[in-house]
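FYI, the numbering for the sequence shown is 1 to 78, going by UniProt numbering.
Where is the CB? At the ideal position from N, CA and C, for every residue including glycine.
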Amino acid sequence: MDLAEPSRGHAGNLQYHLHEQEDGRFFLYEVWRSQEDLDRHDATPLLRAFMDQLPDHTEGTPEAYFGAMRSPYPAVAA
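What follows is the structure in structure tokens.
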């Protein structure tokens with residue numbers, strides 16, 4: 001399921017990047033304008049469907065880390 005392009009179009013999304021590590025693990029990096037924007041994004045059918053499918057494609061429990069940006073920089077144009 002491709003999350004990056006649709007998520008980048010959601011209100012308040014500033015960055016959305018999916019990285020694959022050499023060992024096959026994935027790392028998702030997201031930056032949102034506000035907690036409210038992130039909450040709206042998390043409530044979309046796209047994200048709910050992804051979260052429902054996640055256990056079928058992962059081992060263990062996914063980890064999530066939240067923090068406040070302390071070194072902001074301008075968005076990079078594609």
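Going by other Cβ atoms of all chains shown within 10 Å of its Cβ, with 16 needed for buried, is residue i buried or exposed?
| i | result |
| --- | --- |
| Y16 | buried |
| H41 | buried |
| S34 | exposed |
| S7 | buried |
Report yes if the CB atom of residue i is closer than 8 angstroms to the CB atom of residue j, and no otherwise.
| i | j | result |
| --- | --- | --- |
| L3 | F50 | yes |
| W32 | L14 | yes |
| A11 | D39 | no |
Please tell me whether residue i has its Cβ less than 8 angstroms away from any Cβ of chain B.
| i | result |
| --- | --- |
| R70 | Note that chain B does not occur in the displayed structure, where there is just one protein chain. |
Looking only at its own chain, which residues have a Cβ that is under 7 angstroms from the Cβ of residue i, when we skip the five neighbours before and after it?
| i | result |
| --- | --- |
| E30 | Q15 and Y16 |
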